[in-house]
Amino acid sequence: MQAKTRIATVSLSGCFGCHMSLLDIDDRILKLAELVEFDRSPINDFKDFQSRCAVGIVEGGCCNEDNVEVLESFRKNCDVLISVGECAITGGINSMRNNIPLKECLDEAYLKSPGVYNPLNKIPNDPEIPLLLNRVYPCHEVVKIDYFIPGCPPQADALWDVLVALLSGKAPVIAYKNHKYD
Amino acid sequence: MSRISFTIDGVTVQAIKGQSILKAADAAGIYIPRLCAYRDLVPHGSCRVCSVKVNGRIQAACVQTVIEGAVVENNTPELEEYRSNIIDMLFVEGNHFCMFCEKSGFCELQALAYRFGIAVPKYQFLYPKREIDMSHPHVYVDHNRCILCGRCVQASQSMDSKNVFQFIGRGIRKRLQVNGDSLAKTDLKVTDEAVSVCPVGALVRKRVGYETPVGLRRYDEAPIGDDIEPGKGDR
């Protein structure tokens, strides 16, 4: 039996909506399980790459240093990287902070905002917490991305069509009715 | 009225002398993509999305009048790339968050990007800082989404007989300005044509957003231009 194609997925700074949309392919998930083996992915909760992967699916943009590190490890371990969803492609909702200085954002969130309970009056700076980047970066501004599936989240059919095309060695085409930004 | 004939991508098209290439193409059932041109508003060729090649030279089809025997190229890979680049630039120049925009599904900028199959703009996002004017009780202006097409400026004057909008600044600093301290201090009414002609979500009526369910919105199934030339923009 031929070895199954290995797929890795990750949600960087996203909402997991794109992963939900992947589950939205309904019973085709059984067919997908026949075609692929999931490597590092929230679907099986593997935190590290088990081996080299053919396809990496990236949801979410890069908000912090951890996102960049994970994205770089995806580029290193995957033959083909797909940016999935508006956060990965444009920065998404997170990038609404891009025209506000980072300090102002943190001050607003942890010090000034109504209802904030912060007796020490400090912005969290534990070394365990990944440092925020100056702004949110779309994935293709950080590493080379091979394919893009737009949508917030992308239509399940768009995800399915692109995956099936790639797995059968064809150029992926997203049908007009599945090509959406919302 | 004297009639003249010319060709668009090899197809002979009859037109009335003085007519624009865009209007002649529409009448002949050939879609030339456009963004700032709108029905009876006077075209001014600012967005350049309707660029076509007329006898080998690039012209805006909305302002270029028909020429007897002219050879017009419309649906060529070269022109499609130019148009697609313009849409890319408009996307990165503003803050277009389709996922929560009330205009999504009806937006002509988005619809053109869908038609051209743009998954990601080829340029870097600028993430500019722009203002939102919520002062008016029934309408708001979101400058993040404004593409400076000028439809509202002209519609306010010629259709509403008012003068609510104008442009200030030049180049990258050009922006829409209301003639008053804020939108609420102008004589704009929610029923004004200036509001309804906005191709994007820059001028939006309040409290009617998301009325149409996803799937039934104007450009959900059929691409923009499908009403003029059916079946061409689909993939």
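These protein sequence lines are chains A and B, in that order. Quick note: the first sequence uses this note's numbering, first residue 67, plus one each step. Quick note: the second sequence uses this note's numbering, first residue 1394, plus one each step. Idealized CB from N, CA, C, for every residue including glycine.
Inter-residue spacing [alpha-carbon to alpha-carbon] between residue i and residue j
i	j	result
Ile148 (chain A)	Ile73 (chain A)	11 Å
His1536 (chain B)	Gln1517 (chain B)	19 Å
Val1546 (chain B)	Asp105 (chain A)	55 Å
Asn164 (chain A)	Leu232 (chain A)	34 Å
Asn1541 (chain B)	Pro1426 (chain B)	Just to set this straight, residue 1541 (chain B) is Leu in the shown sequence, not Asn. So the two alpha carbons sit approximately 17 Å from each other.
Arg1490 (chain B)	Arg1450 (chain B)	Contrary to the premise, residue 1490 (chain B) reads as Phe rather than Arg in this sequence. Cα to Cα, Phe1490 (chain B) sits roughly 36 Å from Arg1450 (chain B).
Glu207 (chain A)	Lys1515 (chain B)	11 Å
Glu194 (chain A)	Met1482 (chain B)	39 Å
Tyr242 (chain A)	Ala1504 (chain B)	10 Å
Phe1509 (chain B)	Lys1578 (chain B)	40 Å
Asn133 (chain A)	Cys119 (chain A)	19 Å
Glu1471 (chain B)	Lys1446 (chain B)	10 Å
Lys1555 (chain B)	Ile1565 (chain B)	27 Å
Asn279 (chain A)	Gly158 (chain A)	The first residue shown for chain A is 67 and the last is 248, placing residue 279 (chain A) beyond what the model contains.
Val1459 (chain B)	Ile1423 (chain B)	14 Å
Asp192 (chain A)	Asn1468 (chain B)	57 Å
Met1492 (chain B)	Phe1399 (chain B)	43 Å
Val1588 (chain B)	Glu1466 (chain B)	34 Å
Arg94 (chain A)	Trp226 (chain A)	8 Å
Ala1615 (chain B)	Asp1627 (chain B)	7 Å
Ser179 (chain A)	Asp173 (chain A)	8 Å
Ser1413 (chain B)	Leu177 (chain A)	59 Å
Ile166 (chain A)	Asn1448 (chain B)	48 Å
Tyr1507 (chain B)	Gly1624 (chain B)	14 Å
Val1534 (chain B)	Ile123 (chain A)	37 Å
Ser1497 (chain B)	Asp1553 (chain B)	26 Å
Asn1488 (chain B)	Cys1539 (chain B)	9 Å
Lys1522 (chain B)	Glu1486 (chain B)	10 Å
Residue j beta carbon less than 8 Å from that of residue i
i	j	result
Gly127 (chain A)	Leu197 (chain A)	no
Asp1585 (chain B)	Ser1528 (chain B)	no
Arg1544 (chain B)	Val1590 (chain B)	yes
Ile215 (chain A)	Val230 (chain A)	no
Glu1495 (chain B)	Val1597 (chain B)	yes
Leu139 (chain A)	Tyr1520 (chain B)	Before going further, note that residue 139 (chain A) is Ser rather than Leu in the sequence given. No, the pair does not count as a contact, with Cβ atoms beyond the cut-off.
Phe109 (chain A)	Thr156 (chain A)	Correcting the residue identity first, residue 109 (chain A) is Ile in this sequence and not Phe. No.
Cys84 (chain A)	Val150 (chain A)	yes
Ala1454 (chain B)	Cys1443 (chain B)	yes
Val209 (chain A)	Leu137 (chain A)	yes
Asp90 (chain A)	Ala222 (chain A)	yes
Ala1417 (chain B)	Ala1430 (chain B)	no
Glu1501 (chain B)	Leu1428 (chain B)	yes
Cys153 (chain A)	Glu125 (chain A)	yes
Ile1401 (chain B)	Lys1410 (chain B)	no
Phe1499 (chain B)	Arg1611 (chain B)	yes
Lys70 (chain A)	Val102 (chain A)	yes
Ile1621 (chain B)	Asp1419 (chain B)	yes
Ser87 (chain A)	Pro219 (chain A)	yes
7 Å Cβ cut-off: residues of chain B touching residue i
i	result
Gly122 (chain A)	Those do not exist, as Gly122 (chain A) stays about 17 Å from chain B at its closest Cβ, beyond 7 Å.
Asn164 (chain A)	Tyr1520
Asp248 (chain A)	Cys1491, Met1492 and Ser1497
Contact set between residue i and chain B, taken where Cβ atoms lie within less than 8 Å
i	result
Gly174 (chain A)	The displayed chain sequence assigns Glu, not Gly, to residue 174 (chain A). What Glu174 (chain A) touches in chain B: nothing, since even the nearest Cβ is about 15 Å away.
Lys243 (chain A)	Asp1613 and Glu1614
Arg201 (chain A)	Tyr1520
Pro204 (chain A)	Val1513 and Phe1518
DSSP-derived helix/strand/coil call for residue i
i	result
Gln1559 (chain B)	strand
Arg1427 (chain B)	coil
Glu1466 (chain B)	strand
Ser87 (chain A)	helix
Cys1455 (chain B)	coil
Gly122 (chain A)	strand
Ile155 (chain A)	helix
Leu296 (chain A)	As displayed, chain A neither begins before 67 nor continues past 248, which places residue 296 (chain A) out of reach and without an answer.
Val1590 (chain B)	coil
Asn130 (chain A)	strand
Val136 (chain A)	helix
Lys178 (chain A)	helix
Tyr1612 (chain B)	coil
Arg1450 (chain B)	strand
Ile1414 (chain B)	helix
Chain-ordered neighbours of residue i on chain A, where CB pairs are closer than 9 Å
i	result
Arg1476 (chain B)	In chain order: nothing, as chain A lies at least about 17 Å away.
Ala1512 (chain B)	Ser149, Ile155, Tyr213, Phe214, Ile215, Pro216, Ile240 and His245
Partner residues on chain A for residue i, Cβ-Cβ distance less than 7 Å
i	result
Tyr1507 (chain B)	Tyr242 and His245
Arg1628 (chain B)	Val239, Ala241 and Tyr242
Within chain B, partners of residue i - CB distance below 9 Å
i	result
His85 (chain A)	Here the premise fails: no neighbours, minimum Cβ distance about 16 Å.
Glu152 (chain A)	Phe1490, Cys1491 and Met1492
Ile159 (chain A)	Phe1490, Met1492 and Phe1493
Glu207 (chain A)	Gln1517 and Phe1518
Proximal residues of chain D, C-beta to C-beta of residue i below 8 Å
i	result
Met1527 (chain B)	Although the question refers to chain D, the structure presented lacks it and instead comprises the protein chains A and B.
Contact list for the segment 214-225 of chain A against chain B, Cβ threshold 8 Å
Residues Phe214, Ile215, Pro216 and Cys218.
Short of 9 Å Cβ to Cβ, which residues in the segment 1539-1555 of chain B face chain A?
Taking 9 Å as the Cβ-Cβ cut-off, the segment 1539-1555 of chain B has no residue approaching chain A.
Contacting positions in the segment 1494-1505 of chain B - beta carbon closer than 7 Å to chain A:
Ser1497 and Gln1503
Could you name the residues of the segment 93-124 of chain A whose beta carbon sits closer than 8 Å to any beta carbon of chain B, in the order they occur along the chain?
none
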